[in-house]
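Enquirer: Start counting the sequence shown at 12; every next residue gets the next number (the numbering used here).
Heads up, the beta-carbon is just placed ideally off N, CA and C, and yes, glycines get one too.
Here you go, one structure.
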Amino acid sequence: MSGEQDSVAGARTKKNGAAAGNGAGHRRLVIVESPTKARKIAPYLGGGYVVESSVGHIRDLPRGAADVPAQYKGEAWARLGVDVDNGFKALYVVTPDKKSKVTELKGLLKDVDELYLATDPDREGEAIAWHLLETLKPKVPVRRMVFHEVTEQAIRAAADSTRELDADLVDAQETRRILDRLYGYEVSPVLWKKVMPKLSAGRVQSVATRIVVERERERMRFTSASYWDISATMDAGEEASPRNFPARLVAVDGARLATGRDFGSDGQLKASNNEIRVLAEADARRLAGALKQRDFKVASVEEKPYTRKPYAPFMTSTLQQEAGRKMRFTSERTMRIAQKLYENGYITYMRTDSTTLSESAISAARSQATQLYGKEYVSPTPRQYTRKVKNAQEAHEAIRPSGEVFRTPGQVAGELDTDEFRLYEMIWQRTIASQMADAKGTTMSVRIVGNATSGEECTFAASGRTITFAGFLKAYVEAVDTETGGEADDKQSRLPVLEKDQALTASELNPDGHTTSPPARYSEPSLVSKLEELGIGRPSTYASIIKTIQDRGYVWKKGSALVPSWVAFAVIGLMERHFERLVDYDFTAGMEDELDRIAAGDEQRAQWLSKFYFGGDMGVDGSIGRLGGLKKLVEGSVEDIDAREINSIPLFSDENGHKVVVRVGRYGPYLEREVDGNSQRANLPEDLPPDELTQEIAEKLFATPQEGRSLGTDPVSGHEIVAKEGRFGPYVTEVLPEIEIPEDATAAQKKAAKAKAPKPRTGSLFKSMDIETITLDDALKLLSLPRVVGKDPESGDEITAQNGRYGPYLKKGTDSRSLSTEDQLFSITLEEALKIYSEPKQRGRSATAKPPLKELGDDPVSGKPMVVKDGRFGPYVTDGEYNATLRKGDEIESLTAERAAELLAEKRAKGPAPKRKAPARKPASTTAKTVKAGTTKKAAAAKSTTAKRSSSTATKAK
């Protein structure tokens with residue numbers, strides 16, 4: 012630990028009770044992270060306690076140069092916020108938005124006799140408690156208060172059984188924070204120089220991005236294979252129940268037929284096996300015909316008992332996966348709802364790697380299961396689930412309903428909104444089911460043979476499953492990933508009672524063709540599962556990791572699938588070639604093991620960080636430390652990185668052998684190939700997934716000239732008119748003759764001459780127009796805008812019809828009025844325009860009420876109808892209260908009600924955008940201040956960028 016951590020050095024998890032402060036008039040300040048939690052637990056503790064929230068972290072490493080205190084600005088390590096030459100001491104600063112909170116907490120401390128730090132019961136909570144201790148510098152006794160559920164009994168027990176801060180847990184969390192800072196601040200600048208500005212690298216986010224990129228590469232390399240079989244409907248006779256059942260051809264003359272799993276990603280059989288036969292379409296059709304009217308008999312019947320044990324209670328990762336599969340929640344949305352449920356006392360702490368239940372929880376679950384389903388549905392003995400998750404942090408209890416008696420979903424329905432209720436119900440069901448009896452049944456596997464008229468012996472297979480006792484499935488059935496061919500645990504497929512040599516007939520025989528499919532893209536649930544499987548990161552951080560890689564533009568969503576951007580391909584390509592260990596799965600997981608050694612007190616933080624950063628004897632062979640450390644690795648690699656090579660992603664060769672590549676340029680990705688020594692380029696649509704960029708699509712894109720499609724010559728000006736694709740959509744423009752600039756002109760003179768040159772007329776295509784079919788007449792009409800409609804007879808002001816960024820409108824002086832359709836730009840008369848201006852001006856989208864683009868049913872939270880509308884910033888979904896802009900990959904035609912509800916839920920969680928207040932003017936100072944102009948400009952630019960980003964997202968409906 013750094014020197015400022017001395018106040019907790021050597022401390023260990025130790026009970027110290029609260030008996031010393033039970034005297035009359037004794038006052039204690041209890042600090043939690045959240046205002047909601049503070050309001051909830053205050054009544055449980057009574058009058059001797061003052062409960063206040065820190066509202067999360069109160070200090071952190073500097074976010075930029077402006078946050079670095081003046082006394083450190085000249086230090087070489089100031090940009091990192093970590094003194095790497097002095098024991099890796101971290102420079103922590105109170106964030107500007109928390110200064111008033113710190114002042115408030117210090118004021119409250121003056122009137123109390125003890126301080127209770129009651130932050131969350133994990134590493135991050137321990138670190139927040141330590142930051143509070145270091146910042147507030149209390150002169151009263153300090154106790155660490157820990158609880159895992161917000162119930163009166165749990166809160167009182169925690170207050171009566173406090174401990175000291177755990178220095179090892181603080182060390183472990185601070186090591187992670189410093190490690191992530193060193194990683195990000197050293198590697199990210201390389202990406203800025205070699206790929207694109209404003210990119211970022213991260214210890215876990217880069218590996219998560221690599222997982223998504225590698226899956227897309229697999230899809231791009233994939234070659235589909237086709238194979239055939241025969242699907243049959245067998246008839247077991249009138250007395251059988253069911254009489255008819257499905258079967259499928261699996262072998263011909265003893266040779267097993269190939270299925271999808273027998274083929275590799277190259278479309279070929281994985282291994283040369285003479286016993287496997289790939290049935291062609293012609294053979295399948297021939298055999299189907301040759302088997303008609305033939306007799307079949309049962310060759311074998313195998314029946315086995317079926318037992319399925321209950322699922323373990325939820326931990327963080329499984330909760331995120333199941334909420335994603337069952338309710339289509341994002342990981343972030345799941346954790347946000349779970350946080351509210353925890354803070355309001357409905358469930359236990361939601362960041363946990365444990366599947367264990369306390370004795371009281373087991374008793375509550377068993378009792379409730381008995382009441383609801385009967386004694387026979389409850390497990391004979393209590394079930395305890397102990398699961399060692401790879402790199403699991405300190406054990407907590409599983410996520411379950413809070414309290415010693417669980418409230419049923421019906422009892423809490425009136426207190427929760429729709430999303431909260433659905434998540435609570437799922438947690439309650441899973442917890443109850445975990446203590447219930449096994450599901451039991453039978454499985455049957457049948458082989459049926461018949462001889463074709465052509466002599467082949469054909470073997471068909473049929474399988475069935477019957478559940479004779481539902482057990483825990485009565486309470487809960489886990490969702491399955493249908494894209495990977497999953498089948499629900501409660502699905503039954505009954506077969507009739509069959510005996511060996513029993514005669515059967517086939518009522519239907521249909522040749523059935525199949526093609527192999529590429530591996531499915533990751534969804535949020537499957538990515539969480541993969542990260543957990545590899546031991547990368549912490550389940551508690553998965554939601555923020557997945558959000559980060561989307562916010563950074565590395566990954567975007569197409570439906571529920573995670574699609575990597577071309578920028579992600581370039582970044583991961585650079586990391587794999589030059590910083591391979593930093594994105595290696597085993598190395599990243601192994602680093603978690605080493606960090607856990609720090610948490611256990613078996614490793615010193617400063618020594619470990621020194622070896623990682625400067626190099627040293629640490630980790631396995633080939634680790635960052637043994638390679639010379641992060642600093643040396645980055646500094647020694649920058650000059651060796653060929654930016655053009657890194658930003659070139661090879662795709663395929665065209666019909667003429669020209670190599671086609673995607674180049675990631677400063678302004679985005681584009682296609683390129685060399686033809687006869689000349690570079691040919693084409694713009695890439697932003698919403699085209701990499702694996703869908705086929706040779707056919709590439710040729711179509713190349714066929715669209717970047718200089719535009721020539722439409723002809725303007726008969727008035729004589730200028731060529733062209734149609735082009737632009738960043739904001741297709742448009743038409745005129746090609747002006749180049750201006751003549753003297754060869755001896757200076758750079759400033761050339762710039763001034765270009766600035767004075769006339770600008771070409773441009774006009775955006777109407778939504779009803781297409782760049783491939785627009786005519787010269789259409790283009791000239793667009794370029795004729797704005798059109799003068801006439802003059803207002805009262806004011807004399809000219810009224811014009813114009814097509815703007817946000818749609819068609821009228822303008823009279825400074826007064827603008829929206830038009831309903833684009834066609835009105837050319838058809839509206841002066842009389843119609845004056846009528847519009849005679850009516851009161853309406854604000855916002857209500858100015859022109861347009862019909863919705865799509866109706867999606869009622870929102871599960873507000874209960875109001877969700878519709879898709881066309882807005883100023885593109886299509887958006889609204890329930891009348893909140894508006895959420897459709898994101899990249901969201902298409903109106905395929906937008907589902909679940910996706911619309913998800914977008915609205917995310918917007919609703921953010922709340923309405925705060926209104927910006929104009930800064931108060933300060934009187935002119937009599938003391939002159941020297942301010943660097945560059946700094947002021949940069950700060951202004953940063954604020955402007957932030958404002959623009961905020962405004963581009965969904966806003967609350969007015």
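What is the rounded straight-line gap between the Cα of Ala76 and the Cα of Arg192?
Expert: One C-alpha to the other measures close to 14 Å.
Enquirer: Can Tyr887 and Arg919 be called in contact, C-beta distance under 8 Å?
Expert: No, they are not a contact pair.
Enquirer: At the level of alpha carbons, what is the spacing between Leu368 and Ser217?
Expert: Their Cα atoms are separated by approximately 35 Å.
Enquirer: Rounded to whole angstroms, what's the CA-CA distance from Pro1024 to Gly414? Just pull it up for me.
Expert: Outside the shown range of the chain, which is 12 to 969, sits residue 1024, and nothing can be said about it.
Enquirer: From the DSSP secondary-structure annotation, give me the bridge partner or partners of Tyr742.
Expert: Lys735, Ser775, per the DSSP bridge assignment.
Enquirer: Can you grab the Cα-Cα spacing for the pair Leu302 / Arg505, in whole Å?
Expert: So the two alpha carbons sit approximately 25 Å from each other.
Enquirer: Have a look at Lys767 and Glu656 and give me their C-alpha separation to the nearest angstrom.
Expert: Distance between the alpha carbons of Lys767 and Glu656 is about 39 Å.
Enquirer: Taking the C-alpha atoms as reference points, what is the distance between Tyr565 and Ala531?
Expert: Straight-line Cα distance between these residues: approximately 18 Å.
Enquirer: Can you tell me whether Glu650 is buried or exposed? The criterion is at least 16 other CB atoms within 10 Å of its CB, across all chains shown.
Expert: The residue in question, Glu650, is exposed, as its Cβ has fewer than 16 Cβ neighbours within 10 Å.
Enquirer: What did DSSP end up calling Thr889 once you bin it into helix, strand or coil?
Expert: Correct three-state label for Thr889: strand.
Enquirer: To which residues of the same chain is Lys940 closer than 8 Å at the C-beta, ignoring the five residues directly before and after it?
Expert: For Lys940, the pLDDT reaches just 36, beneath the cut-off of 50, and the residue's location in the model is therefore unreliable, although a value from the coordinates is still provided. Answer for Lys940: no residue qualifies.
Enquirer: For my contact list, Ala258 and Ile287 are in at a C-beta cut-off of 8 Å; report their separation, rounded to the angstrom.
Expert: Actually they are not in contact, since the Cβ atoms of Ala258 and Ile287 sit about 20 Å apart, beyond 8 Å.
Enquirer: Between the C-alpha atoms of Glu86 and Pro200, what's the straight-line distance to the nearest angstrom?
Expert: Those two C-alpha atoms are separated by around 19 Å.
Enquirer: On the DSSP bridge assignment, give the partners of Trp971 in chain order.
Expert: Here the chain covers residues 12 to 969 and nothing more, so residue 971 does not appear.
Enquirer: My understanding is that Ser252 touches Pro529, with C-beta atoms under 8 Å, so please give their C-beta distance in whole angstroms.
Expert: With 8 Å as the limit, Ser252 and Pro529 do not qualify as a contact, their Cβ atoms being about 41 Å apart.
Enquirer: Ordered along the chain, which non-local residues of its own chain (more than five positions away) have a Cβ less than 7 Å from that of Glu431?
Expert: Contacts found: Ile348, Lys351, Leu352.
Enquirer: Within the segment 562-618, note down every full alpha helix (DSSP H) run reaching 4 residues or more, in order along the chain.
Expert: Those alpha helix (DSSP H) runs which fall completely within the segment 562-618 and span 4+ residues are 577-589, 596-610.
Enquirer: Does DSSP put Ser445 in a helix, a strand or coil?
Expert: Ser445 falls in the coil class under three-state DSSP.
Enquirer: Please return the same chain residues whose Cβ sits closer than 8 Å to the Cβ of Ala463, not counting the five positions on each side in sequence.
Expert: Here the set comprises Leu298, Ala301, Leu302, Arg305, Cys469.
Enquirer: Go ahead and pull the three-state DSSP assignment for Pro522.
Expert: In this structure, Pro522 counts as strand in the three-state DSSP scheme.
Enquirer: Check whether the segment 508-515 and the segment 422-431 touch, using three or more Cβ-Cβ pairs below 8 Å as the test.
Expert: Not touching, per the Cβ criterion.
Enquirer: Leaving out five residues on either side along the sequence, give the residues of the same chain with a beta carbon under 8 Å from the beta carbon of Lys308.
Expert: Ile459, Val460, Gly461, Asp512, Gln513, Ala514, Leu515.
Enquirer: Use the C-beta contact count for Val416: other C-beta atoms within 10 angstroms, 16 or more gives buried, fewer gives exposed.
Expert: Burial call: exposed.
Enquirer: Provide the residue span of the beta strand (DSSP E) that contains Met245, from first to last.
Expert: Met245 -> beta strand (DSSP E) spans 237-246.
Enquirer: When burial is assigned at 16 or more other CB atoms within 10 Å of the CB, is Val879 buried or exposed?
Expert: Result: buried.
Enquirer: What's the gap between the Cα of Glu4 and the Cα of Arg692?
Expert: Because the chain here runs from 12 to 969, residue 4 falls outside it and cannot be looked at.
Enquirer: Excluding sequence positions up to five away, which residues of its chain have a Cβ less than 7 Å from the Cβ of Asp428?
Expert: Result list for Asp428: Val872, in chain order.
Enquirer: Could you give the distance in angstroms between the alpha-carbon of Ala448 and the alpha-carbon of Glu163?
Expert: If you take the alpha carbons of Ala448 and Glu163, they lie about 32 Å apart.
Enquirer: Would a C-beta distance cut-off of 8 Å place Arg214 and Glu909 closer than the cut-off?
Expert: The answer is no: Cβ separation not under 8 Å.
Enquirer: Write down the C-beta distance between Val261 and Leu509 rounded to the nearest angstrom, noting that I regard them as a contact closer than 8 Å.
Expert: Not really, about 17 Å apart at Cβ, beyond 8 Å.
Enquirer: Of the residues Thr773, Ile752, Ser445, which one's Cα is nearest the Cα of Ala763?
Expert: The shortest C-alpha separation from Ala763 is found at Ile752.
Enquirer: So what does DSSP say about Ile556, is it helix, strand or coil?
Expert: Helix.
Enquirer: Please report the distance separating the alpha-carbon of Gly616 from that of Tyr127.
Expert: Checking the sequence shown, residue 616 turns out to be Arg, not Gly. Roughly 27 Å separates the two Cα atoms.
Enquirer: Mind listing, in chain order, the continuous alpha helix (DSSP H) runs of no fewer than 4 residues lying wholly within the segment 126-163?
Expert: DSSP runs (the alpha helix (DSSP H)) wholly in the segment 126-163: 134-147.
Enquirer: Between Asp122 and chain D, is the shortest Cβ-Cβ distance under 8 Å, so that the two count as touching?
Expert: Although the question refers to chain D, the structure presented lacks it and comprises just one protein chain.
Enquirer: Check Pro46 in the structure and name its three-state DSSP category.
Expert: Residue state, collapsed to three classes: helix.
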